[in-house]
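In this text, residue positions in the sequence shown follow the working numbering: the first is 91, and each later residue adds one.
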Amino acid sequence: MQYSDSILNTPSSFIRNILKVTDSADVISFAGGLPNPISFPIDALKASVNQAIDESGAKLFQYSTTQGYLPLRQYIAEKYNKKQPGLNYTADDVLITTGSQQALELISKVLLNKGDGVVIEEPGYLGAIQAFTLREPQFYGVTLENEGINVAELKTALKQPNVKMVYTVPNFQNPTGLTYTKERREAVYEAIKDEDVIFIEDDPYGELRFTGEHLPYIAAGKMTNSVVLGSFSKTVTPGMRLGYVLTKNHELLNHIETAKQASDLHTNIFAQYILHDYLTNNAYEEHVEKIIALYKEQANAMLAAMDKYFPAHVSYTKPEGGMFIWVTMNNGANALDKFHEAMEQKVAFVPGNPFYTSKSDVNTMRLNYTNATPEMIEEGIKRLGQIL
91 MQYSDSILNT PSSFIRNILK VTDSADVISF AGGLPNPISF PIDALKASVN QAIDESGAKL
151 FQYSTTQGYL PLRQYIAEKY NKKQPGLNYT ADDVLITTGS QQALELISKV LLNKGDGVVI
211 EEPGYLGAIQ AFTLREPQFY GVTLENEGIN VAELKTALKQ PNVKMVYTVP NFQNPTGLTY
271 TKERREAVYE AIKDEDVIFI EDDPYGELRF TGEHLPYIAA GKMTNSVVLG SFSKTVTPGM
331 RLGYVLTKNH ELLNHIETAK QASDLHTNIF AQYILHDYLT NNAYEEHVEK IIALYKEQAN
391 AMLAAMDKYF PAHVSYTKPE GGMFIWVTMN NGANALDKFH EAMEQKVAFV PGNPFYTSKS
451 DVNTMRLNYT NATPEMIEEG IKRLGQIL
């Protein structure tokens, strides 16, 4: 069998693969980006299942529109308008996707021909790298600094041939946990505002801020070619796979809708009805506050353990929210070698390699703190510290 060049050149997900071996009960895993299951509102969702069926009956089990359940789209638009004045989203600006991961794949289908340019943070979200790689683009990595992406490098990248989009995760970035400062957001906007590119702000973690102040989006509400991606995976349940695209560019949105029709017709309508019932009949904001308190405790536990057990040559980010800490071994050690050593000691992390489009043998790693107790975090970081 001869397979397509695009699939043969697309790496399988390192994280999805290692979850098979890190799922063992005796492994302390900081590898997955898994929400803590104690945060899932199971009883409330159970009530919403019954309520949605009682109210809407067969509609939950029938084919539906590609764009998504209208009341849910209205809820999402209003949610963002309350969060940031000036966005002025309507339901027509929203398309429901099967997780925001599908949104990445659909956008790449709509925009990218082989060899087209994609500007991406370095290191960047590996799910985006995987989705875009299927279209065989040319990646232009821009260094992610503590304040946000390097603006001088961004301007250089934008001058490259056929650049179609810029992809960012400005809040509690995956994998680094870093957040763009207000000043860097303004500088990035000045760099891209007159460019003929789609500017994507992927924001699955934005509600999970446990220190500092909420910051406005870089381009949303300011330019038509702005795209915001969101999800309920980190605040309600990842298993429902409910994400969305927000954009005022309706030509782009119509093309995304066509691509989605070819992919899956529409997102699970049963889940959309249930989620909308849950959101409108429960104290969602209070629920998110509980998740924030939980993750703050876990992040502080990991940072305290790292201060205690990590050698001096190791540096790491201190996130203001989200789910991840990024570790750099300044002695140049190979993270993949350390991963194998760590697995021998029954502790897992993600080496930095898959977060780069053109680097290997890197000295960085990603740690997730949201799916382990403080006691597990302490023990796992102690083991890892001995290895480092």
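Beta carbons: idealized from backbone N, C-alpha and C, even for Gly.
Legend entry - Which listed residue (R163, N236, E168 and K254) has its alpha carbon closest to that of V200: Within the sequence shown, the letter at position 110 stands for residue 200. In terms of Cα proximity to V200, the closest of R163, N236, E168 and K254 is K254.
Inset, instruction - Could you round the C-beta distance between L298 and G412 to whole angstroms and report it? I think they count as a contact, below 8 Å. - result: Residue 298 sits at position 208 when you count from the first residue of the sequence shown. Residue 412 sits at position 322 when you count from the first residue of the sequence shown. Rounded, the Cβ-Cβ distance is 5 Å, consistent with contact.
Inset, instruction - Pick out whichever of K386, D451, D397 and N420 has its Cα sitting closest to the Cα of Y459. - result: By one-based count along the sequence shown, residue 459 stands at place 369. K386 is the residue among K386, D451, D397 and N420 whose C-alpha sits nearest the C-alpha of Y459.
Inset, instruction - Express the C-alpha separation of G231 and Y295 in angstroms, rounding to a whole number. - result: Locating residue 295 in the sequence shown gives position 205, where the first residue counts as 1. Locating residue 231 in the sequence shown gives position 141, where the first residue counts as 1. Taking the Cα positions, Y295 is about 22 Å away from G231.
Legend entry - Closest residue to L234 among Q362, T314, P251 and T407 (Cα-Cα distance): For the purposes of this step, residue 234 is identified with residue 144 of the sequence shown, where counting begins at 1. Comparing Cα-Cα distances from L234 to each of Q362, T314, P251 and T407, the minimum goes to T407.
Legend entry - Anticipated Cβ contact below 8 Å, V184 with L336, distance rounded: In the sequence shown, the residue the question calls residue 184 occupies position 94. In the sequence shown, the residue the question calls residue 336 occupies position 246. Right, their Cβ atoms sit about 6 Å apart.
Legend entry - Counted within 10 angstroms of its Cβ, other Cβ atoms place H366 as buried (16 or more) or exposed: Working through the sequence shown from its first residue, we reach residue 366 at position 276. Label assigned to H366: buried.
Inset, instruction - Express the C-alpha separation of R473 and M392 in angstroms, rounding to a whole number. - result: As a position in the sequence shown, residue 392 is number 302, starting the count at 1. As a position in the sequence shown, residue 473 is number 383, starting the count at 1. Whole-angstrom Cα-Cα distance: 13 Å.
Inset, instruction - Helix, strand or coil for T447, going by three-state DSSP, please let me know. - result: Position 357 of the sequence shown, counted from the start, is the residue given in the question as residue 447. Annotated three-state conformation of T447 is coil, per DSSP.
Legend entry - P294, DSSP secondary structure in three states: On the sequence shown, position 204 is the one that residue 294 refers to. Look at P294 here: in three-state DSSP terms it is coil, with no helix or strand label.
Legend entry - Nearest candidate by alpha-carbon position, reference Q228, set N99, H430 and N261: Here residue 228 refers to the residue found at position 138 of the sequence shown. Distances from the alpha-carbon of Q228 to those of N99, H430 and N261 put N99 closest.
Inset, instruction - List the residues that DSSP assigns as beta-bridge partners of P464. - result: Looking up residue 464 in the sequence shown gives position 374. Beta bridge pairing from DSSP links P464 with no other residue.
Legend entry - Distance between E469 and K384 (C-alpha atoms, nearest Å): Counting from one through the sequence shown, the residue named residue 384 turns up at place 294. Counting from one through the sequence shown, the residue named residue 469 turns up at place 379. Reading off the sequence shown, one finds Leu at residue 384, where the question assumed Lys. One Cα belongs to L384, the other to E469, and the distance between them is close to 19 Å.
Inset, instruction - Take I467 and list the residues in its own chain whose beta-carbon comes closer than 7 Å to its own, dropping the five residues that flank it on each side. - result: As a working note, residue 467 is residue 377 in the sequence shown. Here the set comprises Q388, A391, M392, A395 and Y459.
Legend entry - the region 324–332 contacting the region 123–132, beta-carbon criterion three pairs below 8 Å: The way I'd put it, the region 324–332 does touch the region 123–132; three or more beta-carbon pairs between them come closer than 8 Å.
Legend entry - Under 7 Å between C-beta atoms of L305 and K272: The residue labelled residue 305 in the question sits at position 215 within the sequence shown. The residue labelled residue 272 in the question sits at position 182 within the sequence shown. The Cβ atoms of L305 and K272 sit closer than 7 Å to each other.
Inset, instruction - Going by DSSP, name the residue or residues bridged to V452. - result: Stepping through the sequence shown from its first residue, residue 452 is reached at position 362. Looking at the DSSP assignment, V452 forms no beta bridge with any residue, so it has no partner.
Inset, instruction - Look at P260 and I308 and say whether their C-beta atoms are less than 7 Å apart. - result: In the sequence shown, counting from the first residue as 1, residue 260 sits at position 170. In the sequence shown, counting from the first residue as 1, residue 308 sits at position 218. Yes.
Legend entry - Complete beta strand (DSSP E) runs within the region 405–447 (minimum length 3 residues, chain order): As far as the region 405–447 is concerned, its whole beta strand (DSSP E) runs of at least 3 residues are 414–419.
Inset, instruction - With a threshold of 16 other CB atoms inside 10 Å of the CB of G102, please say whether the residue is buried or exposed. - result: Numbered from its first residue, the sequence shown carries residue 102 at position 12. Inspection of the sequence shows that residue 102 is occupied by Ser rather than by Gly. Label assigned to S102: exposed.
Inset, instruction - Go to T258, then tell me how far its beta strand (DSSP E) extends in each direction, as first and last residue. - result: On the sequence shown, residue 258 is found 168 positions in, with the first residue counted as 1. V253 to T258 is the extent of the beta strand (DSSP E) around T258.
Inset, instruction - Report the option in F322, G207, G302 and N344 whose CA atom is closest to the CA atom of K287. - result: For the purposes of this step, residue 287 is taken as the residue at position 197 of the sequence shown. Note that residue 287 corresponds to Val in the displayed sequence, not to Lys. Of all alpha-carbon atoms in F322, G207, G302 and N344, the one lying nearest the alpha-carbon of V287 is that of G207.
Inset, instruction - Name, in chain order, the residues that DSSP records as bridge partners for V335. - result: Residue mapping note: residue 335 aligns to position 245 of the sequence shown, counting from 1. Answer by DSSP bridge pairing, in chain order: L185 and L319.
Inset, instruction - Indicate the three-state DSSP secondary structure (helix, strand or coil) for Y230 in the structure shown. - result: If you number the sequence shown from 1, residue 230 lands on position 140. In this structure, Y230 counts as strand in the three-state DSSP scheme.
Legend entry - Check whether A221 and L202 have beta carbons under 7 Å apart: Along the sequence shown, read from residue 1 onward, the residue named residue 221 stands at position 131. Along the sequence shown, read from residue 1 onward, the residue named residue 202 stands at position 112. 7 Å or more divides the Cβ of A221 from the Cβ of L202.
Legend entry - Candidates Y334, M313 and G311: closest to L319 by CA position: Position 229 of the sequence shown holds residue 319. If we check each option's Cα against that of L319, Y334 comes out closest.
Legend entry - Where the alpha helix (DSSP H) through G214 begins and ends: Here residue 214 refers to the residue found at position 124 when the sequence shown is read from its first residue. Counting along the chain, no alpha helix (DSSP H) covers G214, and no H or E run does either.
Inset, instruction - Determine the closest residue to A242 out of E280, P251 and E226, with distance taken between C-alpha atoms. - result: Looking up residue 242 in the sequence shown gives position 152. By alpha-carbon distance to A242, the top candidate from E280, P251 and E226 is E280.
Legend entry - Per-residue DSSP class, three states only, for V139: Translated into positions along the sequence shown, residue 139 becomes position 49. The answer is helix: DSSP assigns V139 an H, G or I state.
Inset, instruction - Take M419 as the anchor and find which of P175, S448 and V452 has the nearest alpha-carbon. - result: Taking the sequence shown and counting its residues from 1, one reaches residue 419 at position 329. The residue with the shortest Cα to Cα distance from M419 is V452.
Inset, instruction - Just mark I97 as buried or exposed, buried being the case when its beta carbon has 16 or more other beta carbons within 10 Å. - result: Translated into the one-based positions of the sequence shown, residue 97 becomes position 7. So I97 counts as exposed.
Inset, instruction - Alpha carbon to alpha carbon, how far is A167 from G311? Give it in angstroms, no decimals. - result: Position 221 of the sequence shown, counted from the first residue, corresponds to residue 311. Position 77 of the sequence shown, counted from the first residue, corresponds to residue 167. So the two alpha carbons sit approximately 12 Å from each other.
Legend entry - I138 to N371 span [Cα, whole Å]: Within the sequence shown, numbered from 1, the residue matching residue 138 stands at position 48. Within the sequence shown, numbered from 1, the residue matching residue 371 stands at position 281. The question names Ile, but residue 138 is Ser in the sequence shown. C-alpha separation (whole angstroms): 8 Å.
Inset, instruction - Name, in chain order, the residues that DSSP records as bridge partners for N458. - result: The count along the sequence shown starts at 1 and reaches residue 458 at position 368. By DSSP's assignment, N458 forms a beta bridge with F414.
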